[in-house]
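This report refers to the structure that appears directly beneath it.
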Amino acid sequence: MTSEPTTEPAGPPRYNPAEIEPRWQARWEELRLHTADLYSDAKPKFYLLTMYPYPSGDLHIGHWSIIAPTDVAGRFKRMQGYNVFFPFGFDAFGLPAENAAIKGGIHPREWTDRNIDNMRRQVKLIGAALDWSKELITADPTYYRWNQWLFLRFMEKGLAYRQMAPVDWCPKDLVVLAREQVLGADRVCWRCGTQVVKRDLEQWFFRTTKYADELLNYDGLRYPEPIKVMQTNWIGRSEGAEIAFEVAPDDQQPGGEQIRVFTTRPDTLFGATFMVLAPEHPLVDALTHPENKAQVDAYRTEARRKSEIDRLSTDREKTGVAIGAHAINPISGEQIPIWIADYVLSTYGTGAIMAVPAHDERDFAFAQRFSLPIRVVVAPRDVVPDMMDTAYVAHTHDEVLLNSGDFTGLPAPEGARQITARLEEAGKGKSAVTYRLRDWLVSRQRGWGAPIPVVYCEADPSCGMVPVPDDQLPVLLPDDIVQWPAQGNPLETHPTWKHTTCPSCGGPGRRETDTMDTFVDSSWYWWRYLSPGKEDGPIDRALNDAWCPVEQYTGGAEHAVLHLMYARFFAKALNDLGLVHEREPWKRLFNQGQILGEDGERMSKSRGNVQDPDALVARYGADTVRLFLMFMKPWAADAPWNAKGIEGVNRFLRRLWTVATDPLGREHGDAEAGRLPAGQTAADAADDLLRTAHRTLKKITTDHADFGWNTMISALMELTNKLVRLRGSEVASLPAWDETVRLTLLMLAPMAPHISEELWARRVEALGEEWSSIHTQSWPVFDPALVATDEIELPIQVNGKLRDTISVPTATSAAEIEQLVLARDKVRAYLQDAEVARVVQVPGRLVNVVTKPK
RNA sequence: GGGCGAGUGGCGAAACAGGGAGACGCAAGGGCCUUAGAAGCCCUCGCUGCGAAAGCGGCGUGCCGGUUCGAAUCCGGCCUCGCCCACCA
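Offset between the first sequence (1-based) and the numbering used here: plus 11.
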């Protein structure tokens with residue numbers, strides 16, 4: 012059997028990442044190189060945050076593609092002189108742990124802890140400059156205690172409340188879901204994909220709608236445009252008017268009830284020919300005429316069943332029934348019939364609309380279906396729209412009102428204003444704003460989450476619902492559940508846990524058994540990173556003042572209207588509570604793209620297309636895997652995994668290793684090895700090399716600003732290729748060679764921290780200098796004189812087509828260039844049958860000779 | 001149905017503000033070195049016409065049109081794919 016020699020064979024050492032990577036990681040830890048001094052003011056501060064993972068068990072390549080490039084950004088900032096805080100933790104509450112517990116008879120805590128241990132090990136393989144001294148785990152009582160404390164503060168401020176409401180229920184996970192967690196037209200659970208059902212349940216909400224307007228303001232935030240668009244659409248602000256229609260008296264009833272509607276088009280009020288209430292509208296019972304009752308009841312039952320089974324596509328035929336009563340148009344006095352229909356939603360606006368079929372597609376379809384009148388009240392000047400097929404909803408900005416009493420002839424926007432004003436005088440309306448955004452439903456009927464700290468007194472009705480006093484926090488989860496129940500909430504079925512005493516009267520009480528949505532945990536974790544052990548409050552305000560808001564946050568775009576919006580809500584709420592100084596959590600957000608499986612599908616265990624970084628690291632080393640992830644695509648782009656290209660970056664590192672450790676060696680098999688480029692002296696070649704190094708440095712420094720990893724690596728490859736070509740030549744003994752190697756290592760250090768550290772150490776040793784880590788060096792500064800060129804090569808076009816190139820000194824004047832260009836043989840060939848019409852010059856870029864026939 | 005984004009060689013991609021399309025890498029082919037090589041080094045590599053070759057042309061960034069001296073880039077219309085929303089009054 013053969014074995015690796017224990018000492019290196021003669022000749023240059025080989026690149027062996029398996030040896031150098033663990034060695035340097037241990038050394039960095041020993042030196043506490045990545046532990047930020049949060050109390051130091053010596054350097055400018057930079058809080059760098061990446062989304063903490065859910066400890067599902069395995070770290071896959073997708074996690075690497077978030078953490079590694081973020082680490083590069085942090086390491087670059089450190090070299091630029093910043094005090095960088097880059098912490099990590101785990102989003103440890105959640106359903107997968109409970110599912111494992113149900114299946115495997117293991118407590119969720121045990122399952123979670125085990126997974127965290129494995130994932131922490133895997134994350135450490137990346138060699139990221141993470142500050143592990145501030146690690147936090149949200150399932151730890153030292154964390155969720157403060158969830159509970161914040162919940163109590165929210166209650167005091169009216170930001171948390173309990174209410175009966177129709178809510179979305181996942182029949183598979185047996186929990187309610189926030190509106191944001193129900194996806195798509197099929198209305199499926201965000202986690203398990205099961206179609207949700209509606210249920211009327213008493214649930215806890217956070218009042219996110221309080222900040223709806225402020226959430227629409229992104230001033231000063233560098234967020235990806237799609238995130239802003241998605242959040243804006245989700246919040247869905249609509250401006251318009253709220254208008255009160257009065258129920259008309261008739262032979263069945265005295266009338267007089269107010270039906271409030273919301274409309275974005277008060278200008279169309281004269282076109283309202285009927286009214287539609289949501290089937291669940293509270294006035295339906297009272298207003299329905301006896302002869303309509305059977306039909307109405309049947310429709311309401313059917314509507315309820317439908318909404319529970321299946322939301323049909325938007326183009327299904329409209330349905331509805333008249334209830335018999337009429338309403339009075341508050342501006343024209345006209346009486347119009349009242350209908351119910353399920354296209355009007357009880358949960359949006361006021362749950363009732365004025366129907367203007369001439370100017371709303373849905374109302375139009377409804378009117379057609381039930382032969383209701385369609386009256387045009389808005390049209391472009393001197394045009395009568397054809398109302399045969401479709402409603403007229405366009406805005407050309409020169410529409411005027413028609414058939415609208417005193418308001419006829421007014422431009423539509425002015426009409427809207429005046430009609431609203433008239434209604435307001437009469438006390439029958441006012442301008443109003445409505446949002447699509449609903450309050451965040453935060454209670455979950457699960458046993459692996461932060462218990463909601465409330466007790467229901469069973470002794471004295473006057474106590475009612477009692478918040479758990481601060482000094483009784485945390486409300487701990489039970490640790491003694493042997494078999495996790497497959498059905499129902501473990502806190503509910505636990506024999507003793509929910510039974511307690513009322514904090515108010517001391518009598519028997521029952522604990523709230525709902526726990527908090529895990530998105531509550533993730534809405535404030537970065538503040539806790541600053542002081543994860545703090546015992547007298549959730550957030551250290553002095554550190555918050557010093558370090559927040561987070562300078563750069565990185566993570567996936569799939570959280571656009573979930574985590575990324577909830578966290579913004581928290582910043583505003585915590586600011587109102589005086590706990591933090593800022594109202595936005597992060598100054599800059601970046602969404603990295605996804606790495607898909609080799610089949611182009613999302614990576615998942617069930618598809619069997621998950622890429623395991625451990626095997627790649629074992630084969631190529633962490634530096635190669637890091638580089639490859641950054642080289643294979645722009646950071647923001649999605650791309651399927653294809654490991655083929657990894658050879659390329661690995662080759663690049665091996666070449667760099669060779670030129671750095673053995674500059675004088677020559678390649679066998681290359682007749683040109685060791686020779687200077689044709690026509691160049693050693694001094695020429697050295698000068699060219701150094702200039703290339705400085706141009707590379709300039710490019711890379713610039714590319715860092717927008718995370719252009721792939722082009723940075725390309726530039727370093729080019730520079731290294733230049734070194735390879737000069738290896739073994741005279742240039743390799745000149746100062747320019749050593750300076751180029753030095754700059755290359757420094758530029759590479761953030762991206763491939765281990766190999767650059769190793770080569771740095773070897774270089775320092777060879778020079779007999781005192782060692783200090785490459786990662787504590789300053790980012791080099793390029794020399795403008797070396798970046799500047801004294802000769803430029805100009806492309807020459809004739810009529811926009813490339814025909815020639817010319818090399819001229821930088822200082823050549825436009826007139827001189829024109830003269831030179833027109834004298835070129837290739838240009839003159841085109842001037843045989845044509846003459847010069849003009850010569851376009853873009854200084855430093857190109858020359859275009861435009862001709863015309865003679 | 002609406003909104004947003006994207007479409008460039010066999011493949012991943014680059015082209016910063018309208019100025020040399022395809023940098024860098026993968027794959028492929030040829031060569032060198034080698035006992036040998038899966039290592040390393042060198043060369044070729046968008047399609048196509050003429051040519052023995054050096055070379056000289058034509059076409060080419062999803063499609064059709066436009067603006068411009070000049071378009072992957074800007075404008076209009078269309079096609080395909082992806083994501084988000086989906087009766088929101």
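By construction, the Cβ of each residue, glycine as well, lies at the ideal position given by its N, Cα and C atoms.
Environment of E30 [buried if 16+ CB atoms lie within 10 Å]: Taking every protein chain shown into account, the CB of E30 has fewer than 16 other CB atoms within 10 angstroms, so this residue is exposed.
Out of R686, L734, T692, N721, point me to the one whose CA is closest to S740's CA. Minimum Cα distance to S740 is reached at R686.
Whose CA, out of N340, E41, S617, lies closest to the CA of T284? Of the residues N340, E41, S617, the one whose Cα lies closest to the Cα of T284 is N340.
Cβ-based neighbour list, G85, same chain, cut-off 7 Å, excluding 5 preceding and 5 following: The residues are L59, V95, F97, A140.
List the DSSP bridge partners of N602. N602 pairs with G566.
If we ignore side chains and look at the alpha-carbon of each, how far apart do V742 and V752 end up? Their Cα atoms are separated by approximately 12 Å.
Exposed or buried, L323, counting other C-beta atoms within 10 Å across all chains shown (16 or more means buried)? Low local confidence applies: a pLDDT of 47 at L323 is under 50, so the model's placement there is unreliable, with the coordinate-based value given in what follows. By the neighbour-count criterion, in which 16 or more other beta carbons inside 10 Å mark a residue as buried, L323 falls on the exposed side.
Closest to H592 by CA distance: which of G608, W558, E562, G619 is it? When the alpha-carbon of H592 is set against those of G608, W558, E562, G619, the nearest one is in W558.
Looking at T220 and E250, is the spacing between their C-beta atoms short of 8 Å? Against a cut-off of 8 Å, the Cβ pair of T220 and E250 comes out as no contact.
Just the Cα atoms here: how many angstroms apart are D525 and V187? Taking the straight line joining both Cα atoms gives about 10 Å.
6 Å Cβ shell around S415 - same chain, five flanking residues per side excluded: Beyond the five residues adjoining it in sequence on each side, S415 comes within less than 6 Å, by CB distance, of F281, V388 in the same chain, given in chain order.
Please classify S454: is it buried, with 16 or more other beta-carbons within 10 angstroms of its beta-carbon, or exposed? Buried, by the Cβ-count rule.
Helix, strand or coil: how does DSSP classify V466 here? In this structure, V466 counts as strand in the three-state DSSP scheme.
Are the beta-carbon atoms belonging to L413 and A390 less than 8 Å from one another? With respect to A390, L413 sits close: the two C-beta atoms are nearer than 8 Å.
Candidates I77, A314, P514: closest to V477 by CA position: Comparing alpha-carbon positions, the option among I77, A314, P514 lying closest to V477 turns out to be P514.
Use the C-beta contact count for R3: other C-beta atoms within 10 angstroms, 16 or more gives buried, fewer gives exposed. The requested residue 3 does not occur in the structure, where the chain is confined to residues 12 to 865.
May I ask you to report which of helix, strand or coil DSSP gives V798? Three-state result, V798: helix.
DSSP has M614 in a bridge; who is on the other side? M614 is not bridged by DSSP to any residue.
Using a Cβ-Cβ cut-off of 6 Å (strictly less than) and excluding sequence neighbours within five positions of L627, which residues of its own chain qualify? Excluding the 5 residues flanking it on each side, L627 has same chain C-beta neighbours closer than 6 Å at V636, in chain order.
Distance CB(N602)-CB(E612) smaller than 8 Å: In this structure, E612 does not lie closer than 8 Å to N602 by Cβ.
Take every Cβ of the segment 169 to 184, pair it with every Cβ of the segment 208 to 216, and state whether three or more of those distances are shorter than 8 Å. Taking a contact to require three or more Cβ pairs closer than 8 Å, the segment 169 to 184 and the segment 208 to 216 qualify as touching.
Within the continuous beta strand (DSSP E) that includes R849, where are the two ends? Run containing R849: 845 to 853, per the beta strand (DSSP E) assignment.
Check whether the segment 794 to 810 touches the segment 712 to 727, taking contact to mean three or more Cβ pairs, one atom from each stretch, closer than 8 Å. No, the segment 794 to 810 does not touch the segment 712 to 727.
Start-end ranges of the alpha helix (DSSP H) lying completely within the segment 407 to 470, minimum 4 residues: The segment 407 to 470 contains these whole alpha helix (DSSP H) runs: 423 to 436.
How would you call P501, buried or exposed, if buried means at least 16 neighbouring beta carbons within 10 angstroms? Burial call: buried.
Nearest neighbour of R773, chosen from V792, A108, T731, D749 [CA to CA]: Checking every option, the nearest Cα to that of R773 belongs to D749.
Can you give me the Cβ contacts of L136 inside the same chain, cut-off strictly under 6 Å, excluding the 5 residues immediately before and after it? Counting only Cβ-Cβ distances below 6 Å, and skipping sequence neighbours, we find V628, A633.
Consult DSSP for K644 and reduce its assignment to one of helix, strand or coil. Coil at K644, not helix or strand.
What does DSSP give as the partner residue(s) for H292 in the beta ladder? Paired residue(s): none; H292 is not in a bridge.
Alpha carbons only, please: which of V531, W652, Q429 is nearest the one belonging to Y155? Checked all of V531, W652, Q429; the closest Cα to Y155 is V531.
Beta-carbon proximity list for I148, same chain, < 7 Å, skipping 5 on both sides: Result list for I148: G100, F101, A103, I127, Y154, in chain order.
With distances taken between CB atoms, is the gap from Q159 to L484 smaller than 8 Å? Yes, Cβ-Cβ distance for Q159 and L484 is below 8 Å.
Cβ shell of N661 (< 7 Å), same chain only, five flanking positions each side left out: Y631, T635.
Count the other CB atoms within 10 Å of the CB of R579; is the residue buried (16 or more) or exposed (fewer)? By the 10 Å Cβ count, R579 comes out buried.
Buried or exposed for K441, please, with buried defined as at least 16 other CB atoms from any protein chain shown within 10 angstroms of its CB. Within 10 angstroms of the beta-carbon of K441 lie fewer than 16 other beta-carbons, which makes it exposed.
From Y354 to T361, what does the alpha carbon distance come to, in whole angstroms? One alpha carbon belongs to Y354, the other to T361, and they sit about 13 Å apart.
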